[in-house]
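Have a look at the structure below, then the notes.
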Amino acid sequence: MSMGRRSPREGKLDILLVDDDQASVLIIASQLRRLGHRVTTGSDGEEAVRLFSHYTFDVVLMDLVMPRLDGYEATRRIKALAGDRFVPVILLTGVTCEEDLARSLEVGGDDFLIKPVSFAILRAKMDALLRLSDLNRQVAQQNEILMRDQRMAESLFSRVIMPRNDVLQSCGVLRRPASTLGGDLILAARCPDGNQHVLLADLTGHGLYAAIGAMPVAQVFDSMTRKGFAPAAILQEINSKFYRTMPTEMFCAACLARIAADGSSVEVWNGGLPSPLLVRNGRVAHRFLSRHVSLGILEEVDSTAMERVTLGPDDILYLMTDGLTELASPSGEMFGAERVESILASGRPGLTPFEELREAIDRFAGEEAQRDDVSLLAIPVREVVREERSGPEVNGSMGLVPDDVLVAGGNVRWSVEFRFHADKLRQVDPVPGIIGQLSELSGNRFDYTDLFTVISELFNNALDHGVLGLESLDKEDPAGFERYLEEREARLRSLEEGWVELIFEGRSADQGGEFLVIHVIDSGPGFDYRRIQASLERGDRPSGRGIGLVARLCRSLSFHDPGNRVEAVYAV
């Protein structure tokens, strides 16, 4: 499809020739027509402006000295009428005064010819203008393509990418793209279990190029987070899509943060971005160094290990792209990571550290054009996590015998069971996949945020305490919880035998309504669930709270001796 204004037909130009000397007009017009160009003539500056406003010309040849309106002013008006379209104006003059010639260029003239005009020079000028016209047409065409791509990129961001993004109302967000649409991407989504995922990505390129790369990142991040997949699985999938589908020169430097639902800790994976900073009481408490390769470079992610830090009540996590640390001042000085840390710790009265940093960036850069996109995200971690669920206290529904009416009554509409042995338990978190299958079987009748929590807690309880033999008492303080997680990883890596089985039955009750019966069985020796029940009723221990939450979300929760089998009834 043809785009932009057509080039002059068959290498010929439409020329406006203006001069009050009729003899000169006749001679020059005759020479131009001999060269095959189309010529329209005028006798003064006002007529030149009028003709130009009504017709389209490729070139204007105009005398400088004319009655009513001289060539200088006519040139100004013609250039204003042309707007963004490039129309060369060649001024004809019989003088060689340097001042007059300089002035003719200052008012917008593109060249000049000394009268009397040499035919050889005129032909050479027209040939040069043909080449220039063709180049200008190509530039205009490329610009139109760029503008179209820009509109397409903006549409992708506004209609496909950004609607997936959970707006973090309590966060400070700074975006300063180097072009209209940059390659930096800030995404946030919440897992069904309440954990908050935040992704800052710096993609290669800008505009449509970056938007195409942003689509798989946003889609994978949003979909897998909402289904409950762990960061490791999300990172592997983003990397795989990038590696398989994007050009080899395109990659994605990224930082993925996972904030615990209770605000107790944050885990960070950093591949190729400046160190995220955890600021506590006006000082940098922790730097999350880049320990991994950017996504899309290697066929497999080099490591999905995340760095975990226990959070304080007022901690703020700062994520940034290298466009900030490499921001250049007019003198060429870099903003630098040290300056970022210094500003965050300075604490000017009346300004938050984020506001102070934003002002410092504006002052530092001045009017200097950015070389790269600048993105900064300030996350007050305790404010972005979901509030604890409210619900009835554990009231005895957690016991030895299930609710006979609910479990035995009604009709089984469907059932499905899964058994995961040691090799799969080491490799995958099966809960998101199970949720997907239950969604299809039940016709999306359940609240899958709550159901994810129920299944996840029961599965992890069976794995941790049944198969791996971990003790909940180890989690009673932050340091103990760190040791608990380290021991869990170590035992999971060395797991050679054991299994967890999950059985699901979709039932319709005789008295109306629907519910899901969940059976979780593990190969372990069981545990003292009565002690957990007693501690929950007293509210004096952090361990076992997951089971308490399950009890509140379900109609009933029943353990069977010796504690390696549990039955839960979840109502629609």
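Using the working numbering, the first residue of the sequence shown is number 45, and each one after it goes up by one. Built from N, CA and C at the ideal position, the CB exists for glycine as well.
- Exposed is the label assigned to SER386, since fewer than 16 other Cβ atoms lie within 10 Å of its Cβ.
- Contact between the segment 106-126 and the segment 141-157 is present: three or more C-beta pairs spanning the two stretches fall below 8 Å.
- Fewer than three Cβ pairs drawn from the segment 276-289 and the segment 361-372 lie within less than 8 Å of each other, which leaves the two stretches out of contact.
- Taking a contact to require three or more Cβ pairs closer than 8 Å, the segment 501-508 and the segment 525-545 qualify as touching.
- Its Cα nearest to that of ALA305, the residue THR493 stands out among SER74, ASP107, THR493 and GLY216.
- By the criterion of at least three beta-carbon pairs nearer than 8 Å, the segment 540-549 is in contact with the segment 557-565.
- Distance check between ASN325 and each of ASP246, PRO424, PRO606 and LEU401 places PRO424 closest, using alpha-carbon atoms only.
- Cα atoms of HIS604 and SER308: separation of roughly 32 Å, rounded to the nearest angstrom.
- SER373 and PHE379 have their alpha carbons spaced roughly 7 Å apart.
- In the three-state scheme derived from DSSP, where H, G and I count as helix and E and B as strand, GLY315 is classed as strand.
- Look at the segment 54-78 and you find these whole runs of alpha helix (DSSP H), each 4 residues long or longer: 66-78.
- Across the set GLU377, PRO357, HIS465 and VAL328, the C-alpha of VAL328 shows the shortest separation from the C-alpha of PRO397.
- Annotated three-state conformation of PRO476 is helix, per DSSP.
- Between the alpha carbons of GLY570 and GLU541 lies a distance of about 16 Å.
- The beta carbon of PHE332 is closer than 7 Å to those of VAL312, ASN314, SER319, PRO320 and GLU351 in its chain, skipping five residues each way along the sequence.
- Separation of LEU149 and GLY227 (C-alpha to C-alpha, rounded to the nearest whole angstrom) is 40 Å.
- The three-state secondary structure of LEU243, taken from DSSP, is strand.
- The criterion of a C-beta distance shorter than 9 Å is not satisfied by GLY238 and PRO476.
- Between the segment 239-247 and the segment 292-303, the count of C-beta pairs closer than 8 Å reaches three or more; the two stretches touch.
- In this chain, LEU218 is not harboured by any alpha helix (DSSP H); it is covered by the beta strand (DSSP E) spanning 216-220.
- Proximity of the segment 335-346 to the segment 404-421 falls short of the contact definition, fewer than three beta-carbon pairs being nearer than 8 Å.
- For THR269, the three-state secondary structure derived from DSSP is helix.
- MET110 is positioned such that its CB atom lies closer than 9 Å to that of SER87.
- The closest CA to that of ARG575, considering only PRO606, ARG599 and GLY216, is found on PRO606.
- The residue from ARG426, ALA255 and LEU495 with its alpha-carbon nearest to that of ASP359 is ARG426.
- Residue environment analysis places MET191 among the exposed positions, since fewer than 16 neighbouring C-beta atoms fall within 10 angstroms of its C-beta.
- Separation of the CB atoms of THR85 and LEU61 is rounded to 5 Å, and the pair is thereby assigned contact status at 8 Å.
- Between SER419 and GLN280, the alpha-carbon positions lie close to 24 Å from each other.
- Here LYS285 is buried. Its C-beta has 16 or more other C-beta atoms within 10 Å.
- For VAL594 against GLU501, the beta-carbon gap comes to about 5 Å, under 8 Å, which counts as contact.
- Contact between ASP102 and LEU57 holds: CB atoms are separated by about 4 Å, below the 8 Å threshold.
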